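Scroll down for the structure; my scribbles are underneath it.
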Amino acid sequence: MIAPSAYLLLSAILFGIGVAGVVTRKNVLIILMSVELMLNGVNVAFVAAGSYLGDVGGGVFAFMVMTVAAAEAAVGLALLIALFRLKETVDITELKVLKW
Amino acid sequence: MVNGVLDYLWLVPALPLLGVVLNGAIALFAERPLLLKEAGLPLAGGHGAGHGSHDDAHGAASHGSADGHHETPAYRKLVAFIAPAAVGAAFVVALLCVLSLASRPADGRTFVQFLFPWIQAGSLLVPAALQLDPLSSVMALVVTGVGFLIHVYSVGYMSHERAFARYFVYLNLFMFAMLTLVLANNYLLMFVGWEGVGLCSYLLIGFWYEKQSASDAGKKAFVANRIGDFGVLLAMFLVFWTFGSLSYTEVFARVPLLRESGVLTTGLATAITLLLFLGATGKSAQIPLYVWLPDAMEGPTPVSALIHAATMVTAGVYMVARSSALFLLAPDTMMVVAVIGAVTAIFSATIGICQTDIKRVLAYSTVSQLGYMFLACGVGAFTAAIFHLMTHAFFKALLFLGSGSVIHALSGEQDMRKMGGLRKYVPVTFVTMFAATLAIAGIPGLSGFFSKDEILWQTFSSSHGSPILWGIGALAAGITAFYMFRLVFLTFFGESRMDPEVAKHVHESPWTMTVPLTILAVLSVAGGWVGIPAVLGGSNSFEHWLAPVFHPLAAAEAGAHHSTTLEFGLMALSVAIALCGIALAYFLYRVRTGKPEEIASRWPTLYDVVYNKYYIDEFYEWAVIRRIVTFSTGLWQMFDALFIDGIVNGIADLVRGAGDRVRRLQGGVVGGYAFSLLAGAVLLVGYILYRNVVQ
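Same order as they appear, the protein sequences are chains R and G.
So the first sequence is residues 1 to 100, counted in our numbering.
So the second sequence is residues 1001 to 1695, counted in our numbering.
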């Protein structure tokens, strides 16, 4: 059996890649994908912890996160399309009108 | 009802107040809408009063003009009835009260009527209470009596005035305030009346407020009086601090005790009385605060007669006489009062010589006569001061009303150079005014003679007096006789110098004006007979009447009697000086009419200085007003604009500057937000980890 720390390490790596993507990339689409990656990193930690503790709650929570992520992806993509129609760009640095 | 009619004493001030309320309602609800409509101003929200387009109708020059084409509205008749009736009723009540008081024994003639508790704060207990004693009864009778006559006169004089009701509201309010002043039984209530008459004076001087000079004059009077009122306030604080009370009866009863125990030192008495006298110089137009009174002639003439000659300006004399017990403890103040009075008397008399405006001559004459009253107070002759106050009220009110009658007859002309020969056009006015002139000049047998001579004699003989002060007083009497006869000769005698246009309308005044003139003329002639001194075979009942108020301090001080021969001699001398003044006036203005101009052109500088009132106004402008303006401008620019505004604006700048920097954090770039989110999370997690490791 693989030690739980390995799962948590994988989870941390996935989450870190996601964070790096969100912070550094300019393309909104990539940022959304990075957010998915972060969520899935967390899912790995949930499932691993559930399996390690013999508790189904971890798996249930992972499904919950997936469902929310699916909804979020749908809303996020819809916003993205609306945004692109308006601004003809998906570059996040161009979209900075929301300031004082 | 043990006191009989005296229990109705409160009616004396209350009746004019009732007049204020009734006429005020008429002025507000009947007259004001009418005036606003005439002026074409909207009714609603027009709280700025009806300023603007109906200017000339209010102008002083037009109250004689024949604009009788619109008929008298009914409310004017009502006003013309209510206002004099209220004051007349007050006079009747006051007279009955005084008669009732007189029936008491001489030492029991102080009646205090408690109305209601007014101020109760710690040890300060000030009731609203009235006091009728010989002094306040003289004042109350003069105020209501002369006031009633002037109210009646006003009905005729102001008949062409648009703001008829407003005028009578102010006039009745003045009567209320003045009666509060003289009937109050404590300094604070007196001060309420004191301020009240000041307010009414301001309102009535500026009655034709559309005229710049009138509103300026009102302001000047108000400001000059403020300086004096400041003194009265401080004096009241000192009185309360020393005596623990403000009511006359208590304060004066405690004087001997505190004097013995050493609490009431001469220095303290001097401070109190000097501050009171500062108030008196403001209200009664003495040097250095006299400058407002001549300008106050911008008001309607009956107002000048009532407020600025007969009653209000004598309030200072009344207050000094009322506080005589304190003044007698302060010899330094007495000297100051006497010297200021004497100097004012002669100083303003000399200004009166050169004035050409008939009312201004009378104004300076008033200042001069008030100086006499203070001279009398200063030498301890309080009875003589009040006596002169009363006779002066009669003949000076008459002179003003007579001049008003002349002005009315001449459609508003006030310049004596444009009068002359009016004797045959306005006979009643001439005869009555001539009687008053004889009285003020001190012709034996008339009221002014007895009171003025009493003052001069006391000035000479009293322990406070001196022959120098007597000399100044006698000289001022001669000058008074001169300028008064100059006025009469220029106005009523000689060739007519009227504008032909004006001459067509010359008419004797209606009965509402001539009847008060006649009554006042009788009083001017006979009013002095109540105080004929013993040396002339009289009983001087006036002095006996006032004796309980000033006795025993004043009587003892003033009682240093010299020989009868000396008194007769001085009397003859002062009469001779007055006759010289009259003769000189006759010579200059009847016999050699070209002479005055010749004299003026021979000493142009002297004439110029006197004609311009010694440039006192200009001097004050330079020495006081401009200093204050400079100082205030400095304060405004240095302190207010730099310091105060600096603090306020500095705080605002600080906050805005900080905001300017902080706002850059909100750049609108989502990546930035995400990064700060991450940084925050890392810091938080790092902190928790660190804490776990350390513990």
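Beta carbons are placed, not taken as given, at the ideal position from N, Cα and C, and that holds for glycine.
Since the structure is predicted, the reported quantities are computational estimates derived from the model, not experimental observations.
Based on Cα-Cα distance, which residue from the options lies nearest to residue i?
| i | options | result |
| --- | --- | --- |
| Leu1188(G) | Leu1171(G), Ala1221(G), Leu1238(G) | Leu1238(G) |
| Ala48(R) | Thr93(R), Thr89(R), Leu10(R) | Leu10(R) |
| Leu1274(G) | Gly1244(G), Arg1322(G), Val1337(G) | Val1337(G) |
| Ala1235(G) | Gly1569(G), Lys1219(G), Val1320(G) | Val1320(G) |
| Gly1156(G) | Ala1652(G), Leu1517(G), Leu1654(G), Asn1540(G) | Leu1517(G) |
| Asn40(R) | Val56(R), Ala78(R), Ala12(R) | Ala12(R) |
| Ala1214(G) | Leu1566(G), Gly1004(G), Asp1295(G) | Asp1295(G) |
| Gly1380(G) | Asn1172(G), Phe1327(G), Leu1399(G) | Phe1327(G) |
| Pro1084(G) | Arg1076(G), Ala1106(G), His1151(G) | His1151(G) |
| Leu1606(G) | Cys1354(G), Ala1583(G), Leu1132(G) | Cys1354(G) |
| Arg1360(G) | His1308(G), Ile1386(G), Arg1322(G) | His1308(G) |
| Gly1244(G) | Leu1523(G), Thr1564(G), Leu1125(G) | Leu1125(G) |
| Leu1009(G) | Leu1078(G), Leu1096(G), Leu1410(G), Leu1028(G) | Leu1096(G) |
| Val72(R) | Glu88(R), Thr89(R), Ser34(R), Asp91(R) | Residue identity differs from the one stated: residue 72(R) is Glu in this sequence, not Val. With distances taken between Cα atoms, Glu72(R) lies closest to Ser34(R). |
| Tyr1614(G) | Thr1180(G), Gly1088(G), Pro1288(G) | Pro1288(G) |
| Glu1495(G) | Leu1022(G), Val1591(G), Leu1011(G), Ser1348(G) | Val1591(G) |
| Leu1130(G) | Leu1456(G), Trp1118(G), Gly1122(G) | Trp1118(G) |
| His1464(G) | Ala1102(G), Ala1086(G), Gly1378(G), Ala1280(G) | Gly1378(G) |
| Leu1520(G) | Ser1447(G), Gly1473(G), Pro1467(G) | Ser1447(G) |
| Met1175(G) | Ala1086(G), Gln1695(G), Phe1394(G) | Ala1086(G) |
| Val97(R) | Val1669(G), Gly1680(G), Tyr1687(G), Leu1678(G) | Val1669(G) |
Quick one: list the residues of chain R neighbouring residue i, beta-carbon separation under 7 Å, in chain order.
| i | result |
| --- | --- |
| Phe1675(G) | Val23 |
| Leu1678(G) | Val19, Val23 |
In or out: residue i buried (at least 16 other Cβ within 10 Å) or exposed?
| i | result |
| --- | --- |
| Thr1383(G) | buried |
| Phe1114(G) | exposed |
| Glu1543(G) | buried |
| Met1416(G) | buried |
| Ala6(R) | exposed |
| Val1317(G) | buried |
| Asp1645(G) | exposed |
| Tyr1290(G) | buried |
| Ala1285(G) | buried |
| Asn1692(G) | exposed |
| Thr67(R) | exposed |
| Gln1666(G) | exposed |
| Ile1599(G) | exposed |
| Ser1053(G) | The pLDDT assigned to Ser1053(G) is 37, lower than 50, so where the model puts this residue is not dependable; a value taken from the coordinates is nonetheless given after this. Exposed: under 16 other Cβ atoms inside 10 Å. |
| Tyr1364(G) | buried |
| Cys1580(G) | exposed |
| Gly1231(G) | buried |
| His1505(G) | exposed |
| Pro1105(G) | exposed |
| Gly1371(G) | buried |
| Thr1491(G) | buried |
Residue i versus chain G: which residues are under 7 Å apart at the beta carbon?
| i | result |
| --- | --- |
| Val42(R) | Going along chain G, no residue has its Cβ under 7 Å from Val42(R), so there is no contact; the nearest lies around 13 Å. |
Taking only beta-carbon positions, decide if residue i is within less than 9 Å of chain C.
| i | result |
| --- | --- |
| Gly1671(G) | The displayed structure is made up of protein chains R and G, and chain C is not among them. |
When Cβ atoms are compared, which residues of the segment 81-94 of chain R fall closer than 8 Å to chain G?
-> Taking 8 Å as the upper bound on Cβ-Cβ separation, chain G lies near residues Ile92, Thr93 of the segment 81-94 of chain R.
Could you give the uninterrupted runs of the alpha helix (DSSP H) lying entirely in the segment 1514-1596 of chain G, keeping only those of 4 residues or more?
-> 1541-1550, 1553-1558, 1564-1586
Quick one: which unbroken alpha helix (DSSP H) runs of 4-plus residues sit fully inside the segment 1340-1414 of chain G? Chain order, please.
-> Unbroken alpha helix (DSSP H) stretches of 4 residues or longer found wholly inside the segment 1340-1414 of chain G: 1358-1378, 1382-1409, given in chain order.
Could I get the ranges of all uninterrupted beta strand (DSSP E) runs contained in the segment 1458-1508 of chain G, with 3 residues as the minimum, in chain order?
-> none
Just list the alpha helix (DSSP H) runs in the segment 1312-1341 of chain G, keeping only unbroken ones of 4 residues or longer that don't cross its boundaries, in chain order.
-> Whole alpha helix (DSSP H) segments, 4+ residues: 1315-1322, 1324-1327.
Could you pull out every unbroken alpha helix (DSSP H) segment of at least 4 residues lying fully inside the segment 1183-1218 of chain G, listed in chain order?
-> 1187-1205
Contiguous alpha helix (DSSP H) assignments of at least 4 residues, all confined to the segment 1208-1287 of chain G = 1212-1243, 1248-1261, 1266-1283
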